[in-house]
Every structure is written in structure tokens, then in C-alpha cells.
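Asker: First the structure, which I've put down as C-alpha cells, then a few questions once you've had a look.
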Amino acid sequence: MSSKARKMIRIGGMIAAGIFVLCGVVRGEAGVVLNKAVNICFECIGLG
Numbered sequence: 003m004s005s006k007a008r009k010m011i012r013i014g015g016m017i018a019a020g021i022f023v024l025c026g027v028v029r030g031e032a033g034v035v036l037n038k039a040v041n042i043c044f045e046c047i048g049l050g
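Each residue of the sequence shown is one higher than the one before, starting from 3 at the first, in the working numbering.
If you want it as C-alpha cells, here you go:
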């Protein structure tokens, strides 16, 4: 595979990732993920 094709695949992957992140933010998923992360951290250090 040529370096130009690899570069295009990487750019396409980054664009797709950005679109998925934006969709999650619009749907309000960032708060859900943060809440789950906090709960997991509290369980790990024994506060949960």
C-alpha cells in the first residue's frame, strides 16, 4: 500500500472519529461517561 493511501485512510479514520465524538456530545453522552468513570474510580479506591 502506498504512503498516500495510508495517509488517506488515517485522515478518513480521524474524520470518522470526530463525527462520532460530536454525535455523542450532541446526545449528552459525555455526562453519562463521566458519571460512570467517577463511579469506577470511587470503587477502585474503596469509597463506593
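Glycine included, each C-beta is placed from N, C-alpha and C at the ideal position.
What is the DSSP secondary structure of Gly14, counted as helix, strand or coil?
Answerer: DSSP places Gly14 in helix when its eight states are reduced to three.
Asker: Since Gly26 and Ala32 should fall inside the 8 Å C-beta cutoff, what is the C-beta to C-beta distance between them, to a whole number of angstroms?
Answerer: Yes, Gly26 and Ala32 are in contact; Cβ-Cβ is about 7 Å, under 8 Å.
Asker: Helix, strand or coil: how does DSSP classify Val47 here?
Answerer: It is Ile, not Val, that sits at residue 47 in the sequence shown. Residue state, collapsed to three classes: coil.
Asker: Please state the DSSP three-state secondary structure of Ser4.
Answerer: Of the three classes helix, strand and coil, the one that applies to Ser4 here is coil, per DSSP.
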